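**Student:**
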Amino acid sequence: MSDPRMTSSIFTRGAVDLSALRTPAPTPAPAKSGPPAGAPGGAVGGVSVIDVSEATFQSEVLERSLTTPVIVDFWAEWCEPCKQLSPVLERLAVEGGGAWVLAKVDVDANPRIAQMFRVQGIPMVYAIVGGQPIDAFSGVVPEAQLRQWIQAVLKAGGVSVAEPEDPRLDEADDALMSGDLDAAERAYRKILAESPADAAAEAGLAQVGLARRVAGADPQAALTAAAANADDVDAQLLAADIEVLGGLAEQAYKRLVGLVRRTSGDDREKVRQHLVGLFTIAGPDDPAVASARRALASALF
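Here the sequence shown stands for residues -1 to 299, where the numbers follow the numbering used here.
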C-alpha cells in the first residue's frame, strides 16, 4: 500500500504528455489574490489562487511554472473530499504570499485536462515546476503533511523555504514515507515521550498503525467483503481503513458509526477505539472529524 499521508510520485518527470495543451491561449481570467474576506495576512504582490481551463492552461500553468511553482488541484462540485482539501490548499496558497500558485481545475468542465493527467479519482493534486509535473498525491491529507509536501515542491522549484521547526518529526515522517514502519514508530514514540501533546506525532503514530493494518490487503476485495458482510466487524474495520487511504475518510467514519450502533460489548468498544484512531490521523480541526464525533456520541448514548 502507498504511504497513508500521500502517495509517492505516480509518474516520472515528463511522463504526462501535455503537448496538446500547448496552444495559444486567450487573456486569462482575473486571478484571486490576497486573503479571504476578514482573514489576516494574505498574498503579498502576486497571484495566489486561479481557476484555469483548457484555454488558459498553457499561460496560467505551464508558462507560469517556468518561474513560479504551480500546484494544480483537480476537483468537482460533487466531490465531498474535495471540499475538505481545497479550502486548506487555498488558505496555504494565500499564506504563501505568491511563492507558489494554486491552479484549480474543475474536472467536469475540463475533462481533457483531467484525461491528460490520468486523473482517475479526485481530489488529485499535481505539482508543476519548469513546465513539467514533478510529483502528485490523491485524497485528503493532514495539513501538517501537506505543508511539508508544498515545502518540497518549493525547494524543487528553487524557492527558498524555512527549514522545518522540528527535525525529529522530519526524521519520523521520512521513515514512514520510506516504509520503515518500525523506525517511524520508534521516532514518533520518542517525540511523544518528550512532548506528550504533539498532535503531529500522534497522527504519525496512528498512520503507522493504519499502514500495518492494510499491508498486503486488496482494496477492492476488502470493500466487496465488507459490503457482503455488514456485521463482520473485522471486515468493516479494514474497509474503513481502505476508505481513509482513498480519501474517503467521511465515508469511513459513517461506516464505523453505523457499526457502533449495531454492536455491543467488546465488539462495540473495538469499533469505537478504531474510529477514534482514525480521527487522530485527520486531527481535531478537521470538520469531518467534528461531525463524526457528534454522530459517535449519539450512537453511544
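Glycine included, each C-beta is placed from N, C-alpha and C at the ideal position.
Since we're looking at a predicted model, the values are computed, not measured.
1. The alpha helix (DSSP H) with valine 151 in it runs from where to where?
2. To which residues does DSSP link tryptophan 73 through a beta bridge?
3. Please classify valine 318: does DSSP put it in a helix, a strand, or coil?
4. Leaving out five residues on either side along the sequence, give the residues of the same chain with a beta carbon under 6 Å from the beta carbon of aspartate 106.
5. Which stretch, first to last residue, makes up the alpha helix (DSSP H) that contains proline 131?
6. Do the stretch 219 to 235 and the stretch 54 to 65 meet, that is, are 3 or more Cβ pairs less than 8 Å apart?
7. In angstroms with no decimal places, state the Cα-to-Cα distance between alanine 97 and isoleucine 126.
8. My assumption, with CB atoms under 8 Å, is that glycine 202 sits in contact with leucine 174. Please give the rounded CB distance.
9. Buried or exposed, going by whether 16 or more other CB atoms sit within 10 Å of the CB of leucine 298?
10. Helix, strand or coil for isoleucine 120? Go by DSSP, reduced to three states.
11. CB alanine 238 to CB arginine 259, shorter than 7 Å?
12. Apart from the five residues just before and just after valine 123, which ones in its own chain have a Cβ nearer than 8 Å to its Cβ?
13. Report buried or exposed for aspartate 171, applying the criterion of at least 16 other Cβ atoms within 10 angstroms of its Cβ.
14. Which stretch, first to last residue, makes up the alpha helix (DSSP H) that contains aspartate 232?
15. CA-CA distance, alanine 142 and leucine 152?
16. Let me check understanding here. Comparing Cα to Cα, which of Leu90, Val255, Glu58, Val269 lies closest to leucine 144?
**Tutor:** Let me spell this out:
1. 141 to 154
2. Asp104
3. Outside the shown range of the chain, which is -1 to 299, sits residue 318, and nothing can be said about it.
4. Ala74
5. Segment 130 to 136 is the beta strand (DSSP E) holding proline 131; no alpha helix (DSSP H) there.
6. no
7. 13 Å
8. 6 Å
9. exposed
10. coil
11. no
12. Ile69, Val70, Asp71, Phe72, Leu83, Leu87, Ala134, Phe135, Ser136
13. buried
14. 231 to 243
15. 16 Å
16. Leu90
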